[in-house]
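Chains as they are written, first to last, in the UniProt record's numbering: chain A, 1 to 282; chain B, 1 to 282. Scroll down for the structure; my scribbles are underneath it.
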């Protein structure tokens, strides 16, 4: 029974059936991207493409380059007006039994298009968050890329649902904060921005990159990527979480700490919103 | 293009198509077992069933209990005479976008039956191994179970193929040895057995459990589960690797260390072989 009737494509054909065996299912042997489509156009397409290619390279999966533009174009034909999520999964495809990749694998591309009901760059209710009990395992060889091994996030998201948290902070084993469950984390301190370095674990998000390279500089803000102890989060002037479908979300509560003013987060969201509006008009 | 024409089943129906979306593909949200079938009967079925259920519990996936017996029975009808591998994958099934498990997911069972050309409990050429450059990330919440997040093993198996190694030792970040890429590890020292404790990472293999609980005791050997530094492997009297489809494989070379006598490994293999033969006659 399918929960969704979202349009899906497998290797460019409309299909909601994955041919078996597939190494994506067998081992999580692949990567994915979740793009925001606005009236059928993908926001920050180049960033998504670069991260996707970097992930494929890290895993040694040969695939078309560029891959996303044609995929987006195909999906755009069926994309509703307004906002949609486009998930693009690239696996190492089929192969014989066993962990070893086949000598000449053929990457498989699986695409799912889902309408979004919310406007990702509107100001929304700040999140109430807490610290996840799930620690992220350190794995520098997979850090940064958006691969398909996401059980840590699944367990943490289940904990959020159980505990009624809007999101959660994920720490590594040494107690440093890495990210939210489904997004990157920024702290505002003394007018500048801090975000966790991602050399040991975590996903280098496209919105994280946009904050660092475009949106913060547009406001004259410096961003430092560094090691951040978990408890430092509660000492920040503002905290926000970002991802492709949530845009920038302010954090309003973390345990006993409450925030009610978000001037920097609001200003960054305005800049991001303008970029999205500009894209829509283009 | 399918590399294999192996029989597959999805939720009990003959099918080599996985309905999308599936959380197994999306996040590696599931577990698997690889069983050895001998003339259609599964070796160590109870151990596989217990590990599978333990994995499902750890991930919070509700599924039939017991699950494997009926699956094996169905596959046995198409199993060739002799040896075959039965891979049983259980995912959290379908669900809406996002990491959070749906409130009432329906587990999906994907089965693949592959003939085996070799006799897993025959004595075979000892393996030449080395140390993998891929370190296993510490993740106690997932340690021991056979979940679908296997990119570390995929990268290490690719390294083995590239370097021409028969297998490789996987260490954790602190330099302790955890396992082989696709199997557990035992050292013989002074007549007893050592095997790495698996509290931080690694898979608790069914053959590992059989060695500890049945095959070593049958020979009057003690087995200690403990922390083992990587270099200690080369100081052992014998080294062997075990998994469901390889049985027990002696290690003949690890870097400059060579072994040529394997009395304990041969004796254990004999015990295991008798168990398999007894099962076939039963």
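Note that beta-carbon positions come from the ideal geometry of N, C-alpha and C, so glycine has one too.
### Query
Between residue 66 (chain B) and the rest of its own chain, which residues show a CB-CB distance below 8 Å, the 5 nearest in sequence each way excluded?
Here the question's residue 66 (chain B) lines up with position 66 in the second chain. Here the set comprises 49, 53.
### Query
If you draw a straight line from the alpha carbon of residue 3 (chain B) to that of residue 113 (chain A), how long is it in whole angstroms?
Residue numbering aside, residue 3 (chain B) sits at position 3 when the second chain is read from its first letter. Residue numbering aside, residue 113 (chain A) sits at position 113 when the first chain is read from its first letter. In this prediction, residue 3 (chain B) scores a pLDDT of 48, lower than 50, which makes its location untrustworthy; the coordinate-derived value is nonetheless stated afterwards. One Cα belongs to residue 3 (chain B), the other to residue 113 (chain A), and the distance between them is close to 28 Å.
### Task
Using 10 angstroms around the beta-carbon of residue 220 (chain B), count the other beta-carbons present and answer buried if the total reaches 16, otherwise exposed.
Walking along the second chain from the start, residue 220 (chain B) turns up at place 220. It counts as exposed.
### Message
So, does the stretch 146-166 of chain A touch the stretch 184-196 of chain A, judging by three or more C-beta pairs under 8 Å?
### Response
no
### Query
From what residue to what residue does the alpha helix (DSSP H) around residue 108 (chain A) run?
As a working note, residue 108 (chain A) is residue 108 in the first chain. Element bounds for residue 108 (chain A): not the alpha helix (DSSP H) but the beta strand (DSSP E), 108-115.
### Query
Is the beta carbon of residue 18 (chain A) less than 9 Å from the beta carbon of residue 22 (chain B)?
Here residue 18 (chain A) refers to the residue found at position 18 when the first chain is read from its first residue. Here residue 22 (chain B) refers to the residue found at position 22 when the second chain is read from its first residue. Yes.
### Task
Examine chain B for any beta-carbon lying closer than 9 Å to the beta-carbon of residue 152 (chain A), and answer yes or no.
If you number the first chain from 1, residue 152 (chain A) lands on position 152. Yes - at least one Cβ of chain B is within 9 Å of the one on residue 152 (chain A).
### Query
Mind listing which residues of the stretch 85-99 of chain A have their C-beta closer than 9 Å to chain E's C-betas, in chain order?
Absent from the structure: chain E. Protein chains present are A and B.
### Message
With three or more C-beta pairs closer than 8 Å as the rule, is the stretch 63-79 of chain A touching the stretch 234-245 of chain A?
### Response
no
### Query
Based on Cα-Cα distance, which residue from A:92, A:214, A:181, A:80 lies nearest to residue 98 (chain B)?
Locating residue 98 (chain B) in the second chain gives position 98, counting from the first residue. Here the closest residue by C-alpha is A:181.
### Message
Between the alpha carbons of residue 27 (chain A) and residue 69 (chain B), how many angstroms are there, rounded?
### Response
Translated into the one-based positions of the first chain, residue 27 (chain A) becomes position 27. Translated into the one-based positions of the second chain, residue 69 (chain B) becomes position 69. C-alpha separation (whole angstroms): 24 Å.
### Query
Rounded to a whole number of angstroms, what is the C-alpha to C-alpha distance between residue 1 (chain A) and residue 9 (chain B)?
By 1-based counting over the first chain, the position of residue 1 (chain A) is 1. By 1-based counting over the second chain, the position of residue 9 (chain B) is 9. Per-residue confidence for residue 1 (chain A) stands at a pLDDT of 41, beneath the threshold of 50, marking its modelled position as unreliable; the derived number appears in the next sentence. C-alpha separation (whole angstroms): 16 Å.
### Message
Between B:202, B:252, B:208, which has its C-alpha nearest residue 134 (chain B)'s C-alpha?
### Response
By 1-based counting over the second chain, the position of residue 134 (chain B) is 134. When each option's Cα is compared against that of residue 134 (chain B), the closest is B:202.
### Query
What first and last residue would you give for the beta strand (DSSP E) that runs through residue 53 (chain B)?
As a working note, residue 53 (chain B) is residue 53 in the second chain. It is not in any beta strand (DSSP E) - residue 53 (chain B) instead sits in the alpha helix (DSSP H) that spans 45-59.
### Query
Taking all protein chains shown into account, do 16 or more other C-beta atoms lie within 10 angstroms of the C-beta of residue 71 (chain B), making it buried, or fewer, making it exposed?
Counted from its first residue, the second chain places residue 71 (chain B) at position 71. Answer is buried; the Cβ neighbour count reaches 16.
### Query
Can you find a CB in chain A that lies within less than 9 Å of the CB of residue 129 (chain B)?
As a working note, residue 129 (chain B) is residue 129 in the second chain. Taking Cβ atoms only, chain A never reaches closer than 9 Å to residue 129 (chain B), which makes this a no.
### Query
Do we get a CB-CB distance below 9 Å when we pair residue 184 (chain B) with the residues of chain A?
As a first step, residue 184 (chain B) must be located in the second chain, where it is residue number 184. No, residue 184 (chain B) lies away from the interface with chain A (no Cβ there is under 9 Å from its Cβ).
### Message
Please state the DSSP three-state secondary structure of residue 274 (chain B).
### Response
For the purposes of this step, residue 274 (chain B) is identified with residue 274 of the second chain, where counting begins at 1. Helix.
### Query
Straight-line CA distance for residue 235 (chain B) to residue 269 (chain B)?
Translated into positions along the second chain, residue 235 (chain B) becomes position 235. Translated into positions along the second chain, residue 269 (chain B) becomes position 269. About 22 Å.
### Message
Cβ closer than 8 Å: which chain B residues qualify as neighbours of residue 17 (chain A)?
### Response
Locating residue 17 (chain A) in the first chain gives position 17, where the first residue counts as 1. 17, 18, 19, 20, listed in chain order.
### Task
For residue 7 (chain A), write down the residues that DSSP places opposite it in a beta bridge.
One-based indexing of the first chain puts residue 7 (chain A) at position 7. For residue 7 (chain A), DSSP records no beta bridge to any residue.
### Query
So, helix, strand or coil for residue 208 (chain A), using DSSP?
In the first chain, residue 208 (chain A) corresponds to position 208, counting from 1. Here residue 208 (chain A) sits in helix by DSSP.
### Message
I'd like to know whether the C-beta atoms of residue 90 (chain B) and residue 104 (chain B) end up nearer to each other than 9 Å.
### Response
Taking the first residue of the second chain as position 1, residue 90 (chain B) is located at position 90. Taking the first residue of the second chain as position 1, residue 104 (chain B) is located at position 104. No, the Cβ-Cβ distance between residue 90 (chain B) and residue 104 (chain B) is not below 9 Å.
### Message
Cutting at 6 Å between CB atoms, please list the residues of its own chain near residue 264 (chain B), excluding the five before and the five after it.
### Response
Residue numbering aside, residue 264 (chain B) sits at position 264 when the second chain is read from its first letter. Within the same chain, residue 264 (chain B) has close Cβ partners 188, 238.
### Task
Would you kindly report the start and end of the unbroken beta strand (DSSP E) that includes residue 71 (chain B)?
In the second chain, counting from the first residue as 1, residue 71 (chain B) sits at position 71. Secondary structure note for residue 71 (chain B): it is in no beta strand (DSSP E), and the uninterrupted alpha helix (DSSP H) holding it is 68-76.
### Query
chain A beta carbons: is any one of them nearer than 9 Å to that of residue 59 (chain B)?
Residue mapping note: residue 59 (chain B) aligns to position 59 of the second chain, counting from 1. Yes, because at least one Cβ of chain A sits closer than 9 Å to the Cβ of residue 59 (chain B).
#### Entry: C-alpha gap between residue 158 (chain A) and residue 272 (chain A), whole angstroms
In the first chain, residue 158 (chain A) corresponds to position 158, counting from 1. In the first chain, residue 272 (chain A) corresponds to position 272, counting from 1. Answer to the nearest angstrom: the Cα atoms are 30 Å apart.
### Task
Assign residue 101 (chain A) to buried or exposed, taking buried as 16 or more other Cβ atoms, counted over all protein chains shown, within 10 Å of its Cβ.
The sequence position of residue 101 (chain A) within the first chain is 101, counting from 1. By the Cβ-count criterion, residue 101 (chain A) is buried, with 16 or more other Cβ atoms from all chains shown falling within 10 Å of its own Cβ.
### Task
Report the neighbours of residue 173 (chain A) on chain B: residues whose CB is nearer than 8 Å to its CB, in chain order.
Numbered from 1 along the first chain, position 173 holds the residue referred to as residue 173 (chain A). Those are 138, listed as they occur along chain B.
### residue 71 (chain B): CB within 8 Å of a non-hydrogen atom of the ligand GTP
Absence of the ligand GTP from the depicted structure is noted, as is the absence of any ligand whatsoever, leaving it without description.
### Message
Check this for me: beta carbons of residue 354 (chain B) and residue 249 (chain B), under 9 Å apart or not?
### Response
Coverage of chain B is limited to positions 1 through 282, which leaves residue 354 (chain B) absent and any answer about it impossible.
### Task
Count the other C-beta atoms from every protein chain shown that fall within 10 angstroms of the C-beta of residue 64 (chain B), then say buried if there are 16 or more, exposed otherwise.
Numbered from its first residue, the second chain carries residue 64 (chain B) at position 64. With fewer than 16 Cβ atoms within 10 Å of its Cβ, residue 64 (chain B) is classed as exposed.
### Task
Name, please, each residue of chain B whose Cβ falls closer than 8 Å to the Cβ of residue 101 (chain A).
As a position in the first chain, residue 101 (chain A) is number 101, starting the count at 1. Below the 8 Å Cβ cutoff, chain B contributes 154, 157, 158, 161 as neighbours of residue 101 (chain A), in chain order.
#### Entry: Where residue 173 (chain A) sits in the DSSP three-state scheme
What you label residue 173 (chain A) is simply residue 173 of the first chain in a count that begins at 1. Three-state result, residue 173 (chain A): coil.
### Query
Are the C-beta of residue 26 (chain A) and some C-beta of chain B separated by less than 9 Å?
Along the first chain, one-based indexing puts residue 26 (chain A) at 26. So, interface residue.
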